[in-house]
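> Once you've had a glance at the structure underneath, I'll fire off some questions.
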Amino acid sequence: MSADTPPVRDVDAAIREALSPRPQPKPAGVVTAVLTFAWRALLKIKHMPEQLFDVVVTPIMFTVLFTYLFGGALAGSTDAYLQFLLPGILVQSVVFTSVYSGLTLNTDISKGIYDRFRSLPVWSLSPVLGTMAGDVIRYTVSSVIVFLIGFAMGYRAEAGIVGIVAVILLLDLFAAGLSWVFTTLALLVRTPSTVMTLGWMVLMPLTFASNVFVDPATMPPWLQTIVAYNPVALLVTAARAILDGAPAAGPVMAALIAPVVVTAVFGPVTMMLYRRER
Amino acid sequence: MTTPSSPAVETHGLTKTFGDKRAVDGVDLHIRRGSIFGLLGPNGAGKTTTVRLLATLLRPSAGTARVLGHDVTAEPHLVRRRVSLTGQFASVDEDLTGRENLVLLARLLGFAGRAARARADELLAAFDLADAAGRQVRTYSGGMRRRLDIAASLISTPDLLFLDEPTTGLDPRSRGRVWDIVRLLVDGGATVLLTTQYLEEADQLCERIAVIDHGRVIAEGTSAELKASVGRGVLHVRLADPLVRPAALRFLAGHLGEPVHAADDPAGLTAQLSDPARAASAVAALASSGFRLSDFSLGQPSLDEVFFALTGHPAETAADNGEGRG
Chain A
256 MSADTPPVRD VDAAIREALS PRPQPKPAGV VTAVLTFAWR ALLKIKHMPE QLFDVVVTPI
316 MFTVLFTYLF GGALAGSTDA YLQFLLPGIL VQSVVFTSVY SGLTLNTDIS KGIYDRFRSL
376 PVWSLSPVLG TMAGDVIRYT VSSVIVFLIG FAMGYRAEAG IVGIVAVILL LDLFAAGLSW
436 VFTTLALLVR TPSTVMTLGW MVLMPLTFAS NVFVDPATMP PWLQTIVAYN PVALLVTAAR
496 AILDGAPAAG PVMAALIAPV VVTAVFGPVT MMLYRRER
Chain B
737 MTTPSSPAVE THGLTKTFGD KRAVDGVDLH IRRGSIFGLL GPNGAGKTTT VRLLATLLRP
797 SAGTARVLGH DVTAEPHLVR RRVSLTGQFA SVDEDLTGRE NLVLLARLLG FAGRAARARA
857 DELLAAFDLA DAAGRQVRTY SGGMRRRLDI AASLISTPDL LFLDEPTTGL DPRSRGRVWD
917 IVRLLVDGGA TVLLTTQYLE EADQLCERIA VIDHGRVIAE GTSAELKASV GRGVLHVRLA
977 DPLVRPAALR FLAGHLGEPV HAADDPAGLT AQLSDPARAA SAVAALASSG FRLSDFSLGQ
1037 PSLDEVFFAL TGHPAETAAD NGEGRG
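First to last, the sequence lines map onto chains A and B. With our numbering, the residue at position 231 of the first sequence is 486, and numbering never jumps. With our numbering, the residue at position 166 of the second sequence is 902, and numbering never jumps.
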């Protein structure tokens, strides 16, 4: 502790020794740098597991509440509704989690650590990609939690473990693609809470004007049209097809259009904004 | 490669504008290798912007800057390999432990797993942080955080270290410790460019000092040269009765034949002295002329007094400080 400092001369010798010239390694390459920043994201989860609280609790709350609240009225029984609802809740949970990449980025930039990262001799975007890679852990945790609560309530995945893993991978891809929107947002607004608010304003309509909770057949035609093109709805359709063991290639392709387009557009925008002087 | 003979920093007409504001306005610097150079100025003077330009975080709007022989615009990656920056605000991750912070940076700088951990532990021990290594940085005191911050800049033993206000907000003991570390660094052959608001700090550490105001260098020289232009000491007196201050000011200026000005304190007066020995006679003269004093002291000129002497106006600590970020 600083309160009982050893005699100054010893410390001085230690500092001299620590600063003595020695061969310097070559700075980390792109892959090492990105992985190192992903490790940083994991350390943050380790030190602040409460960060995962809403990733865990929100899906549980939604699954339990909606199943028992609407199940009987919407699908005749809570069991039947759970079969329909679970893939939807899965998508909703993971999609909401994708805002986190933006939050982390915005927090870093508002602190001095951003200058430190930028003055390092590593590829300048590795902090962004590393953060996004670390966030895949969140998406996966969120998915696993929803499946666990689903199984506890009686959900059956016809496609078995292979289908479950395939859906989790699909969701990871979709959320990672979507998160470029929020990293862009994070570089344009001042505070993390603004990123959060704007993120919710984008995600609320996307998840509710969809087939997450109900079959769109009873919706007015204009809303049905929106749902038909809503990327979140397309993802839910693909997830249901995979988990039901139905032919899924077409729906999966349709679901991946949005993340690919978002990445192509917002990826470069994020990079440009991140490199901008500030 | 750098030529060893090239100066650590050499700028000509270095300029950075943000919109209409010229944050750095035609700065010429020449910093010798192996020296400690100080940029002295109030908030918003352009110190941080200058450092950020030299550390390649900003691109100059005009002028040139060479750092360790490399042009900051043409070869920023070469500059980045040889310099380290310790920013004004802690540039470490508060959520991680001290050790994790150093291991993270060591890995980015190319140390492999075991070597990264060894380097982190070596620095933690040297900077007296070994016992706190496993604690999150948010639990550190200001002095510990600063030491970690500086240690983080020294993982790859840079040739040039930028320290932006390294002791602002530290208690005197921690400040002294940071000064010791800076001196040891330079003993080891590094060059240090530090910014400060304290003349005393520049005086203690720096071989040469540039005083910067509104983005311009308004004076440059050794500490002794600067102080010669300001007076070698400053006498502060505090009157028992603030109402007699104008009369006391005229009396003191007449008695000393040197500049005297009113301090922020409504009962205070500040006099520049070319000969500090005259302080005692000035205090005695004031008292014998009926000006009752509640306090007096002889000190070094503060940044304010340097500014007053050099510019004729007090240092403005502007709120809109054009430092690039708020």
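We put the CB at the ideal spot given by N, CA and C, even for glycine.
1) Looking at the structure shown, is Lys281/A part of a helix, part of a strand, or coil, going by DSSP?
2) Cβ of Ala534/A less than 8 Å from any chain B Cβ?
3) Just to confirm, are Val996/B and Phe1027/B a CB contact at a threshold of 8 Å?
4) Counting only beta-carbon atoms, is Met303/A nearer than 8 Å to chain B?
5) Verify whether the separation of the beta carbon atoms of Ala496/A and Ala503/A is less than 8 Å.
6) Specify the secondary structure class of Lys366/A as computed by DSSP and reduced to three states.
7) So, are the CB atoms of Gly755/B and Gly799/B less than 8 Å apart?
8) For His302/A, name the three-state secondary structure that DSSP assigns.
9) Rounding to the nearest angstrom, what Cα-Cα distance links Val383/A and Leu360/A in this structure?
10) Run through chain A and tell me which residues come within less than 7 Å of Ile917/B, C-beta to C-beta.
11) When the distance is taken between beta carbons, is Val310/A closer than 8 Å to Arg393/A?
12) For Met387/A, count neighbouring Cβ atoms within 10 angstroms of its own Cβ and tell me buried if that reaches 16, exposed if not.
13) Where does Val237/A fall in DSSP's three states?
14) Whose C-beta lies closer than 7 Å to the C-beta of Thr792/B among residues of the same chain, with five residues either side of it excluded?
15) From Thr449/A to Thr462/A, what does the alpha carbon distance come to, in whole angstroms?
16) Would the stretch 365-372 of chain A count as touching the stretch 507-515 of chain A if we require 3 or more Cβ pairs under 8 Å?
17) In whole angstroms, what separates the C-alpha of Pro304/A from that of Trp294/A?
18) Would the stretch 433-447 of chain A and the stretch 318-338 of chain A be scored as touching if the rule is three or more Cβ pairs under 8 Å?
19) Taking the alpha helix (DSSP H) that Phe308/A falls in, what are its first and last residues?
20) Any residues in the stretch 400-433 of chain A with a beta carbon nearer than 8 Å to a beta carbon of chain B? Which ones, in chain order?
21) Is the CB-CB distance between Val928/B and Leu921/B below 8 Å?
22) Helix, strand or coil: how does DSSP classify Gly925/B here?
23) Can you tell me whether Gly951/B is buried or exposed, with buried defined as 16 or more other CB within 10 angstroms of its CB?
24) For the beta strand (DSSP E) that contains Arg802/B, what are its first and last residues?
25) Leaving out the 5 sequence neighbours to the left and right, which residues in its chain are closer than 6 Å to Gln1036/B when beta-carbon positions are compared?
26) Name the chain A residues whose beta carbon is nearer than 9 Å to that of Thr893/B?
27) What residue range is occupied by the uninterrupted alpha helix (DSSP H) comprising Phe521/A?
28) Assuming Val828/B and Asp885/B make a contact with CB atoms under 8 Å, what is their CB distance in whole Å?
29) Would you mind giving the Cβ-Cβ distance between Ser959/B and Ala938/B, rounded to the nearest angstrom? I have them listed as a contact below 8 Å.
30) Taking the runs of the alpha helix (DSSP H) that are 4 residues or longer, which of them lie wholly in the stretch 430-477 of chain A?
31) Quick one, which residues of the stretch 781-794 of chain B are near chain A if we go by CB-CB under 9 Å, in chain order?
32) Report yes or no: do three or more beta-carbon pairs, one from the stretch 776-784 of chain B and one from the stretch 331-344 of chain A, lie closer than 8 Å?
33) With three or more beta-carbon pairs closer than 8 Å as the criterion, would you say the stretch 838-854 of chain B touches the stretch 370-377 of chain A?
34) Which same chain residues, not among the five before or five after Ala430/A, have their C-beta less than 7 Å away from its C-beta?
35) Who pairs with Asp1031/B in a beta bridge, going by DSSP?
36) Whose C-beta lies closer than 7 Å to the C-beta of His991/B among residues of the same chain, with five residues either side of it excluded?
Reading from the atomic positions:
1) Mapped onto the first sequence, residue 281/A falls at position 26. Three-state DSSP puts Lys281/A in coil, outside helix and strand.
2) Examination of residue 534/A is not possible in this model, given that chain A is present from 256 through 533 alone.
3) Position 260 of the second sequence, counted from the start, is the residue given in the question as residue 996/B. Position 291 of the second sequence, counted from the start, is the residue given in the question as residue 1027/B. No, they are not a contact pair.
4) Taking the first sequence and counting its residues from 1, one reaches residue 303/A at position 48. Taking Cβ atoms only, chain B reaches closer than 8 Å to Met303/A, which makes this a yes.
5) As a position in the first sequence, residue 496/A is number 241, starting the count at 1. As a position in the first sequence, residue 503/A is number 248, starting the count at 1. Going by C-beta atoms, Ala496/A is nearer than 8 Å to Ala503/A.
6) Numbered from 1 along the first sequence, position 111 holds the residue referred to as residue 366/A. If DSSP states are grouped into helix, strand and coil, Lys366/A belongs with coil.
7) Counted from its first residue, the second sequence places residue 755/B at position 19. Counted from its first residue, the second sequence places residue 799/B at position 63. No; because the gap between Cβ atoms is not below 8 Å, this pair is not in contact.
8) To locate residue 302/A, count along the first sequence from 1; it is residue 47. His302/A: helix per DSSP, three-state reduction.
9) Along the first sequence, one-based indexing puts residue 383/A at 128. Along the first sequence, one-based indexing puts residue 360/A at 105. Whole-angstrom Cα-Cα distance: 7 Å.
10) As a first step, residue 917/B is located in the second sequence; it is residue number 181 there, counting from the start. Chain A residues near Ile917/B: Ile270.
11) As a first step, residue 393/A is located in the first sequence; it is residue number 138 there, counting from the start. As a first step, residue 310/A is located in the first sequence; it is residue number 55 there, counting from the start. In this structure, Val310/A lies closer than 8 Å to Arg393/A by Cβ.
12) In the first sequence, residue 387/A corresponds to position 132, counting from 1. Classification for Met387/A: buried.
13) Because residue 237/A is not part of the residues shown, which for chain A are 256 to 533, the question remains open.
14) Taking the second sequence and counting its residues from 1, the one referred to as residue 792/B is at position 56. So the list reads Val808, Pro812, Val815, Arg816, once near-sequence residues are dropped.
15) Numbered from its first residue, the first sequence carries residue 449/A at position 194. Numbered from its first residue, the first sequence carries residue 462/A at position 207. Taking the straight line joining both Cα atoms gives about 20 Å.
16) no
17) The sequence position of residue 304/A within the first sequence is 49, counting from 1. The sequence position of residue 294/A within the first sequence is 39, counting from 1. Taking the straight line from one Cα to the other gives about 15 Å.
18) no
19) For this step, residue 308/A is matched to residue 53 along the first sequence. Taken as a continuous stretch (DSSP letters only), the alpha helix (DSSP H) holding Phe308/A covers 308-330.
20) none
21) Position 192 of the second sequence, counting from 1, holds the residue named residue 928/B. Position 185 of the second sequence, counting from 1, holds the residue named residue 921/B. Cβ distance < 8 Å, so Val928/B and Leu921/B count as in contact.
22) Within the second sequence, the letter at position 189 stands for residue 925/B. Here Gly925/B sits in coil by DSSP.
23) Taking the second sequence and counting its residues from 1, the one referred to as residue 951/B is at position 215. Answer is buried; the Cβ neighbour count reaches 16.
24) If you number the second sequence from 1, residue 802/B lands on position 66. That run of the beta strand (DSSP E) goes 798-803.
25) One-based indexing of the second sequence puts residue 1036/B at position 300. Within the same chain, Gln1036/B has close Cβ partners Glu936.
26) By one-based count along the second sequence, residue 893/B stands at place 157. The contacting residues are Ala273, Leu274, Ser275, Pro276, Arg277, Gln279.
27) Position 266 of the first sequence holds residue 521/A. Counting along the chain, the alpha helix (DSSP H) containing Phe521/A begins and ends at 504-530.
28) On the second sequence, residue 828/B is found 92 positions in, with the first residue counted as 1. On the second sequence, residue 885/B is found 149 positions in, with the first residue counted as 1. Yes, they are in contact, since the Cβ atoms of Val828/B and Asp885/B sit about 5 Å apart, within 8 Å.
29) On the second sequence, residue 959/B is found 223 positions in, with the first residue counted as 1. On the second sequence, residue 938/B is found 202 positions in, with the first residue counted as 1. Correct: roughly 6 Å between the Cβ atoms.
30) 447-463
31) Arg788, Ala791, Thr792, Leu793, Leu794
32) no
33) yes
34) Position 175 of the first sequence holds residue 430/A. So the qualifying residues of the chain are Val349, Val350, Thr352, Ser353, Tyr394.
35) On the second sequence, residue 1031/B is found 295 positions in, with the first residue counted as 1. Answer by DSSP bridge pairing, in chain order: Arg974/B.
36) As a working mapping, residue 991/B is identified with position 255 in the second sequence. Taken in chain order, the residues that qualify are Ala1018, Ala1021.
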